[in-house]
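Just so it is clear: in the sequence shown, position 123 is 123 by my numbering, and no numbers are missing. The C-beta atom is built at its ideal place from N, Cα and C for all residues, glycine as well. Just so it is clear, the structure is predicted and the values come from calculations on it, not from any experiment.
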Amino acid sequence: MPPSKSSLINLKNLSVKTVGSLFSKTLELKKNFNQYQRSAGVYHSGYKGTAALLFLEPSTRTRFSFEAACSRAGYHPLILDGIAGTSLEKGETIEDTIFNIEAMRPLFFVIRSDDQFDMQQMVEKISVPIINAGWGKRGHPTQALLDAVTIFEKRGDLAKQNILFIGDIKHSRVVSSHIELAATTGSPLAFCAPENFLPEQITSGVKVFRKLEEALDWATVIMALRVQKERHGVDAWFSVEDYRKNFGINLDRVQKLNPDSLLMHPGPINYGVEIESEILTDPRCVILKQVENGVFLREALIRNLFDGDL
Ligand code: CP
C-alpha cells in the first residue's frame, strides 16, 4: 500500500506554501473562534463548542450522564478519566492541568475531585465556569438536584416530603448538597445512622432518629446511602452484619412502608449492606429513574447556564 500523503511524522520537506497556508488557517480559526463555534454548519450541525470533563475520582453515573447531557445539548465532551495516562502522572498539578485545558478554550468545566482540591478557589482563577460533579465530602449539587426532580416528578410539592437519609451521612457529599437545597425547597430532612456515621454537628432543623422503624414511619422519601469505606480511617470499625440488621433496607421493612413512599439511593449500591437486591423490583423503588433523570437534569442545567448567550 502506498504511504498516505496526509500523514505527519516529521517536518522534513515541508514547502513554504504549506507552512504559510497552515499558519493563515490557524490564525483565521483563532480570530473567528467564537463566531465559528456558535454557527451551525461551520463545524458540524448543532455544535456549540467543547466542555472539559475532569473526573479525578471514579464515577460511572455522573460521568456518563454529563457526557450524554453535553452531547444532547450540542457541547462536545472532552474527558479526563482518572489521572492514569495524563501528565498528572508526571507530577503536573491539577491546577496547572486546568490552566492548560482552559487554554484550549472549552466553554465550561465539569470537575469531580477529592477534598484536597480547592474547587471554589479554582473558580476565581479561570475565566470559564465550573460545574461541581462531586467534590470530596463537600457537595454533589447535580445529584441533589436530580434526586429532587425525581421526587417532584413522583410526589409533587417538595415542601411536603419528609426526606430520610440512612447510613453514612458523615461522609456523604450528597447529603451536604441536599441540606443546601432544602433551604430552597423547604423539604424536612432527617438522619438515621450508626453513631459513628453521623456528622459531629447536626444542621439545625434536621431530625435524628435512633431507630430505623421510627424513621421509616416518619419518612415519605427514603434515601439509603453507600457506606464509603474509602473515606473511613484505617481504624474505623464497621460490621456488615450489624449494619444490615439495624439499618439495611430489606423486603420485611419495605412491606411495612406507606404505598406512596419512594425508595432511593444515589448509587453505587453495596447490595446486602444498605439495600437487599430484591427491593429493586418494588414499584416504590426509583433508583434507576434517578439515573435516567440525571441526564435530563444535567442537560437542562447546561442549556440554562450556557445557551443563553449564544
Ligand atoms: N451517584 C454518583 O455520583 O454515582 P457515580 O459515582 O457513579 O458518578
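Quiz prompt | Alpha-carbon spacing of L310 relative to K12, whole angstroms | solution = With a pLDDT of 43 at L310, under the threshold of 50, the modelled position of that residue is not reliable, and the figure given next carries that caveat. C-alpha separation (whole angstroms): 43 Å.
Practice problem: Could you have a look at L310 and say whether DSSP puts it in helix, strand or coil? | Solution: A caution first: L310 carries a pLDDT of 43, below 50, which makes its placement in the model unreliable, though a value can still be read off. If DSSP states are grouped into helix, strand and coil, L310 belongs with coil.
Quiz prompt | Nearest-angstrom Cα separation, counted from N32 out to E180 | solution = For E180 and N32, the distance between alpha carbons rounds to 41 Å.
Quiz prompt | Neighbourhood of I269 by C-beta, 6 Å cutoff - its chain only, sequence neighbours within 5 removed | solution = I275
Exercise. Quick one: residues in its chain with C-beta nearer than 6 Å to the C-beta of L69, no 5 flanking neighbours on either side, listed in chain order?
Key: Strictly speaking, residue 69 in this sequence is Ala, with Leu absent from that position. The residues are V295, R298, E299, I302.
Self-check item: Extent of the continuous alpha helix (DSSP H) run through Q207
Solution: Looking at the sequence shown, residue 207 is not Gln but Lys. Segment 207 to 209 is the beta strand (DSSP E) holding K207; no alpha helix (DSSP H) there.
Quiz item: Is the beta carbon of P77 within less than 7 Å of some heavy atom of the ligand CP?
Solution: For the ligand CP, not one heavy atom lies less than 7 Å from the Cβ of P77.
Practice problem: Compute the Euclidean distance between the alpha carbons of A215 and C192, then round it to the nearest angstrom. | Solution: 7 Å
Quiz item: Is any heavy atom in the ligand CP found nearer than 7 Å to the beta carbon of S7?
Solution: No, the beta carbon of S7 sits no closer than 7 Å to any heavy atom of the ligand CP.
Quiz item: What do you reckon, are the CB atoms on T97 and Y75 nearer than 8 Å?
Solution: No.
Self-check item: Extent of the continuous beta strand (DSSP E) run through D168
Solution: D168: not part of any beta strand (DSSP E); DSSP gives it neither H nor E.
Practice problem: Flag P266 as yes when its Cβ comes closer than 7 Å to any non-hydrogen atom of the ligand CP, and as no otherwise. | Solution: yes
Quiz item: Quick one: what's got a C-beta closer than 6 Å to P266's C-beta in the same chain, skipping five residues either side?
Solution: Q143, V174
Quiz item: Can the beta-carbon of F108 be found closer than 8 Å to that of P129?
Solution: yes
Quiz prompt | Cβ contact (3+ pairs, closer than 8 Å) linking the segment 132 to 141 and the segment 159 to 167 | solution = no
Exercise. Using only the heavy atoms of the ligand FMN, determine whether one of them is closer than 7 Å to the beta carbon of S59.
Key: Within the structure as shown, the ligand FMN is missing, the only ligands being the ligand CP.
Exercise. With a floor of 3 residues, list each beta strand (DSSP E) that falls wholly inside the segment 69 to 120, ordered by position along the chain.
Key: 75 to 81, 108 to 113
Quiz item: When DSSP labels each residue in this structure, what does V149 get in the three-state scheme?
Solution: helix
Quiz item: Where does V128 fall in DSSP's three states?
Solution: coil
Quiz prompt | Segments assigned alpha helix (DSSP H), at least 4 residues, entirely inside the segment 201 to 265 | solution = Here the runs fully enclosed are 212 to 218, 240 to 247, 251 to 255.
Quiz item: At a cut-off of 7 Å, is G134 close to the ligand CP when judged by its beta-carbon and the heavy atoms of the ligand?
Solution: yes
Practice problem: Could you tell me whether any non-hydrogen atom of the ligand CP is closer than 7 Å to the CB of T62? | Solution: yes
Quiz item: Which residues mark the beginning and the end of the alpha helix (DSSP H) in which L27 is found?
Solution: 16 to 31
Self-check item: Exposure of V208, with buried meaning 16 or more beta-carbon neighbours within 10 Å
Solution: That one is exposed.
Quiz item: What's the call for Q161, buried or exposed, on a 16-neighbour Cβ count within 10 Å?
Solution: buried
Quiz item: Is there at least one non-hydrogen atom of the ligand CP closer than 7 Å to the beta-carbon of H171?
Solution: no
Self-check item: Nearest residue (CA-CA) to L262, options V206, E200, G156
Solution: G156
Quiz item: For T281, does the three-state DSSP call read helix, strand or coil?
Solution: The three-state reading of DSSP puts T281 in helix, counting H, G and I together.
Quiz item: Where P315 and D282 are concerned, what is the direct C-alpha to C-alpha distance, given to the nearest angstrom?
Solution: Absent from the model: residue 315. The displayed extent of the chain is 1 to 310, so no value can be given.
Quiz item: Quick one: what does DSSP say A193 is sitting in, helix, strand or coil?
Solution: coil
Self-check item: Enclosing beta strand (DSSP E) for L53 [first to last residue]
Solution: 49 to 55
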